[in-house]
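Colleague: Residues 219 to 595 (the numbering used here) are what the sequence shown spells out, left to right. Note that beta-carbon positions come from the ideal geometry of N, C-alpha and C, so glycine has one too.
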Amino acid sequence: MTDLMRVALVAGEASGDILGAGLMQALKTQYPQIEFIGIGGPLMQAQGLNSYFPMERLSVMGLVEVLGRLPELLARRKRLINTLIEAKPDVFIGIDAPDFNLTLELKLRQAGIKTVHYVSPSVWAWRQKRVLKIRDACDLMLTLFPFEAQFYQDHQVPVRFVGHPLADTIPQQADRAAAREALNLAHEQPVVALMPGSRGGEVSRLGSLFLDAAVRLRTLRPGIQFVLPCSSPERRAQLEQMLVGRDLPLTLLNGRSHEALAACDAVLIASGTATLEALLYKRPMVVAYKVAPLTYRILKRLVTSAYISLPNLLAERLLVPEMIQDAATPEALAQLLAPLLDGGTVQTEGFDVIHRALRRDASVQAAQAVLQLVGRN
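What follows is the structure, encoded as structure tokens:
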């Protein structure tokens, strides 16, 4: 009779819920006698997690918002530490949410519980001294990208690069014609996807810039059409206001960002995780980003990496243009996008190499690493 294994997991937002559910499914396949406790969303609960409280209570972004919720977050974490120490799981897995999970992991590890952190914080880019806390808090770090694993090896943190689940699920060749059919886009005209971010602040800084770039690109390439996926009804309303007075053949979508990427020829995109999705769809891109001037001055001093976008970090070279702050003008963005409509093969060939490297059956790899850590492989 196989011993029952108790696994505790904590995810703080929707992306973590997706990762956690995939990991739980892989763990059950490899070790059926398993019980899950902790905090997660609907996908993790569907895999059998008994969530102590709603995951949404941890989903908070922005400094002011965090400060307003800080007493609740600290109280919940304190209670969770006590509950998990009493439950004595075989292993604890913190999924992303490093500000919440790393302290949790440290306390549990000090209590003799094995700890895993799944998804590296950006310690390689800024605040590198956080790696010392990670070394104290984690028995194992699971990374989605190979350059992250190298950083942890250099700092004597046990690590395993497992690959990225999106690289497993996104096909190596997306069907552009089928995506255009689904979105009612003309097949014979070039399509550019505009992706100015999912948060209100990002859209307020980049939305008008991207639309102005689209207007200028249209003068360079007549007959072009645009598609813009909106992450929420609020973002759609925000962008509809920005479109007033602009004459653009643009289709606003409610979500459907993957279909937009599959359908397009090139992408104008905000720096962030969406650049990885564009890479996996093999769509040539121009990356742009703007933050408040004071924030930019502070980050310029703190950030140590040569690049800001994931495609360039993964390629370890300037594979895609990065237009930051004052360099991001409508004219510059349009000039860089225009030639990409003819194929952008230098980018897409590089993207294909990266996709193959990240396609490793991530959930299975992560489950194997966890089971190996606790001696149940």
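Using 8 Å as the threshold, is the C-beta distance between Val-485 and Arg-501 below it?
Modeller: Going by C-beta atoms, Val-485 is nearer than 8 Å to Arg-501.
Colleague: Leu-358 and Gly-381: beta carbons closer than 8 Å?
Modeller: Remark: C-beta atoms of Leu-358 and Gly-381 do not approach each other more closely than 8 Å.
Colleague: Nearest by alpha-carbon distance to Val-588: which of Arg-378, Leu-350, Glu-366 and Pro-548 is it?
Modeller: Arg-378
Colleague: Given this structure, state the Cα-to-Cα distance separating Ala-584 from Leu-360, to the nearest angstrom.
Modeller: 7 Å
Colleague: Quick check on Ser-233: does DSSP put it in helix, strand or coil?
Modeller: helix
Colleague: Compare the beta carbon distance of Ser-489 and Tyr-507 with 8 Å and say whether it is the shorter of the two.
Modeller: yes
Colleague: So Val-225 and Phe-271 are in contact, right, with Cβ under 8 Å, and what is the actual spacing, rounded?
Modeller: Actually they are not in contact, since the Cβ atoms of Val-225 and Phe-271 sit about 18 Å apart, beyond 8 Å.
Colleague: Looking only at C-alpha atoms, which of Ala-367, Arg-453 and Pro-467 sits nearest to Pro-339?
Modeller: Minimum Cα distance to Pro-339 is reached at Ala-367.
Colleague: Helix, strand or coil: how does DSSP classify Ser-269 here?
Modeller: strand
Colleague: According to the Cβ coordinates, are Leu-427 and Pro-548 closer than 8 Å?
Modeller: yes
Colleague: Relative to the C-alpha of Pro-447, which candidate in Leu-401, Gly-463 and Asp-430 has its C-alpha closest?
Modeller: Leu-401
Colleague: Check whether the stretch 554-572 touches the stretch 516-534, counting contact only when three or more Cβ pairs, one atom from each stretch, lie closer than 8 Å.
Modeller: yes
Colleague: Just how far apart, CA to CA, sit Arg-439 and Asp-386?
Modeller: 35 Å
Colleague: Spatial neighbours of Arg-434 within its chain, please: CB distance less than 7 Å, with the 5 preceding and 5 following residues excluded, ordered by chain position.
Modeller: Here Arg-434 has Pro-548, Glu-549 and Ala-552 as same chain residues with Cβ atoms under 7 Å from its own Cβ, once five neighbours each way along the sequence are excluded.
Colleague: Quick check on the DSSP output: the beta strand (DSSP E) that includes Phe-363 runs from which residue to which?
Modeller: Run containing Phe-363: none; DSSP gives neither H nor E here.
Colleague: I'd like to know if Asp-544 contacts chain B, where contact means its C-beta is closer than 8 Å to some C-beta of that chain.
Modeller: This model lacks chain B altogether; it includes just one protein chain.
Colleague: Give me whichever residues DSSP pairs with Glu-253 in a beta bridge.
Modeller: Arg-224
Colleague: Which residue wins for smallest C-alpha separation from Arg-436, given the options Leu-512, Pro-557 and Ile-311?
Modeller: The shortest Cα separation from Arg-436 among Leu-512, Pro-557 and Ile-311 belongs to Pro-557.
Colleague: Between the Cα of Asn-300 and the Cα atoms of Asp-314, Arg-327, Ala-229 and Lys-246, which residue gives the shortest distance?
Modeller: Arg-327
Colleague: In terms of alpha-carbon separation, which member of Ala-355, Ile-331, His-335 and Tyr-370 lies closest to Gln-639?
Modeller: This structure cannot settle anything about residue 639, because the visible part of the chain is limited to 219 through 595.
Colleague: Tell me whether Tyr-370 sits in a helix, a strand or coil according to DSSP, three-state version.
Modeller: helix
Colleague: Compute the Euclidean distance between the alpha carbons of Arg-594 and Ala-239, then round it to the nearest angstrom.
Modeller: 20 Å
Colleague: Where does Lys-332 sit, in a helix, a strand or coil, going by DSSP?
Modeller: strand
Colleague: Tell me the residue span of the beta strand (DSSP E) that contains Ala-411.
Modeller: 409-413
Colleague: Quick one: what's got a C-beta closer than 7 Å to Asp-393's C-beta in the same chain, skipping five residues either side?
Modeller: Ala-480
Colleague: Apart from the five residues on each side of it in sequence, which residues of its chain come closer than 7 Å, Cβ to Cβ, to Arg-577?
Modeller: Gly-381, Ala-385 and Asp-386
Colleague: My understanding is that Gly-234 touches Asp-314, with C-beta atoms under 8 Å, so please give their C-beta distance in whole angstroms.
Modeller: The pair is a contact, with the Cβ atoms about 5 Å apart (cut-off 8 Å).
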